[in-house]
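*Asks:*
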Amino acid sequence: MNSTVASKEHSINNSFTCTLSNEQRDFLFNELNQIPYDPTGNTDYITKVRAVAMQALPTSVVKLLSEQKTSLKPAPYIIFENLPTDEEVRFTPDSQDIPREAKSGYISENLIIAIGSLIGEPYSMFHEGKNIVNNLIPSLKAKKEYTGLGSEFELDFHIENAALKFMGSNNFSPSGLLLTGVNNDPKKPLTRLSDARKALSLLSEQDIEQLSQPLYRIKVPYRWRVSTPIELQETSPSPIITGTIDLPEVTAAFYPDMVAPINDLAATALDNFRNAIREVSIGIDVTPGRLVYINNRFTFHSRDAFTPTLDKSGNPVRWLQRIFIAPDLWNHRTLEPVKDRVFKLALNH
Ligand SMILES: [Fe+2]
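The sequence shown begins at 1334 in the working numbering and counts up one residue at a time.
Here it is, written out as structure tokens:
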């Protein structure tokens, strides 16, 4: 894995990496290539892709994904290598409007659904992406945003939609997310992953005690604030970690203005946690043929700041795809289904 880099002595643990053989890759390509992508994510489509994935992926991989689904001994992340890719990516379009001719088929979409649907139920939030698979393409207009479309600022370590974990039946924080590459930026901005359990092992008992107390107000991400009623824009004082140190549920985001500690001791513990998260992180270039699953219960992710490489027409070349997964979509019943599995916040909730 020459394009992944490890920070300091921390390297990618091979037990979390799954590399397909060329025969497995080609077989999967042929099977996925026969399924038309359905951007609504309806259950007929998901079922077809899931059935193909169970048949085409090696049993050891299906077992690994089933184990992840049970969450009895959850992995912090799983990296898949040598996956099939679309034969041709002709250009990187605007993230909200993906014309059919941008690439030769829908291998990347089917692939991310295939792997995701063996761990959970894929879904999308309309304001994050209008289709079941979200396209993460730098937007020159949004370059100063702390979102998947930004570029100029580092998107610091966060648990995806952390605040939503404390909003009862409004918990739409995904249990996991998956990222795959469609088109590479030669500048290789890295996505970084950090297992919170490793970071907690570096902290003092006093810091862990602080992080376990309801001493933090956590805000919903910027893109949610526009469509979220004011009283749901931040949590009441909540803990950053719940459960055991071996298997904690973690709720934090370290980019600006996301977590407000309610006293100085709590603030120091949060700073120490942030530094430890950075120290134990690993970096990975999410390229075509590589897919990363991130366990959003205790694994943070971040993206480096970068200046997007542009094509001849002046459009950024970097193109990633993402899906969210949940154990089921029961909580989503309070949302408005814009499409089968694409949901919008209903303002009267
Ligand atoms: Fe994120």
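We put the CB at the ideal spot given by N, CA and C, even for glycine.
Using the Cβ count rule (16 or more neighbours within 10 Å means buried), how would you classify R1433?
*Replies:* Classification for R1433: exposed.
*Asks:* Can you look up A1339 in the DSSP assignment and give me helix, strand or coil?
*Replies:* Here the model assigns A1339 a pLDDT of 41, short of 50, so the residue's position is not dependable, and the following value carries that caveat. Three-state result, A1339: strand.
*Asks:* Considering only heavy atoms of ligand 1, does any lie closer than 8 Å to the CB of E1400?
*Replies:* No; taking the cut-off as 8 Å, the Cβ of E1400 has no heavy atom of ligand 1 nearer than that.
*Asks:* Please report the Cβ distance between L1526 and E1612, rounded to the nearest whole angstrom; I am assuming they are in contact, meaning their Cβ atoms lie under 8 Å.
*Replies:* About 13 Å separates the two Cβ atoms, so there is no contact after all.
*Asks:* Answer yes or no: the CB of E1612 versus the heavy atoms of ligand 1, is any distance below 8 Å?
*Replies:* no
*Asks:* Starting from the N-terminal end, write out each residue whose C-beta falls within a distance shorter than 6 Å of any non-hydrogen atom of ligand 1.
*Replies:* H1491, E1493 and H1634
*Asks:* Straight-line CA distance for S1569 to I1595?
*Replies:* 11 Å
*Asks:* Do you know offhand how far D1427's Cα is from I1446's?
*Replies:* 21 Å
*Asks:* Report the three-state DSSP secondary structure of L1497 (helix, strand or coil).
*Replies:* If DSSP states are grouped into helix, strand and coil, L1497 belongs with the helices.
*Asks:* Which of the three DSSP states is assigned to Y1555 in this structure?
*Replies:* Reduced to three states, the DSSP call for Y1555 is helix.
*Asks:* Per DSSP, P1621 forms a beta bridge with which residues?
*Replies:* Partner(s): none; P1621 has no beta bridge.
*Asks:* F1631 and V1583 look like a contact to me (Cβ under 8 Å); what is the Cβ gap, rounded to whole Å?
*Replies:* 5 Å
*Asks:* Inspect the beta-carbon positions of T1373 and I1465 and report whether they are closer than 9 Å.
*Replies:* yes
*Asks:* Distance check for L1510 and D1518, CA to CA, integer angstroms please.
*Replies:* 21 Å
*Asks:* Output yes or no for whether 9 Å exceeds the beta carbon distance between F1486 and I1610.
*Replies:* no
*Asks:* According to DSSP, simplified to helix, strand and coil, what is L1473?
*Replies:* In the structure shown, L1473 sits in coil (DSSP, three-state: anything other than H, G, I, E or B).
*Asks:* Taking the alpha-carbon positions, what's the W1652 to L1444 distance?
*Replies:* 15 Å
*Asks:* Any idea what DSSP makes of K1677, helix, strand or coil?
*Replies:* strand
*Asks:* Could you please give me the residues that DSSP links to G1514 through a beta bridge?
*Replies:* L1653
*Asks:* State the Cα-Cα distance for the pair Y1588 and R1558, rounded to the nearest angstrom.
*Replies:* 15 Å
*Asks:* In the DSSP assignment, what residue or residues form a beta bridge with P1670?
*Replies:* F1676
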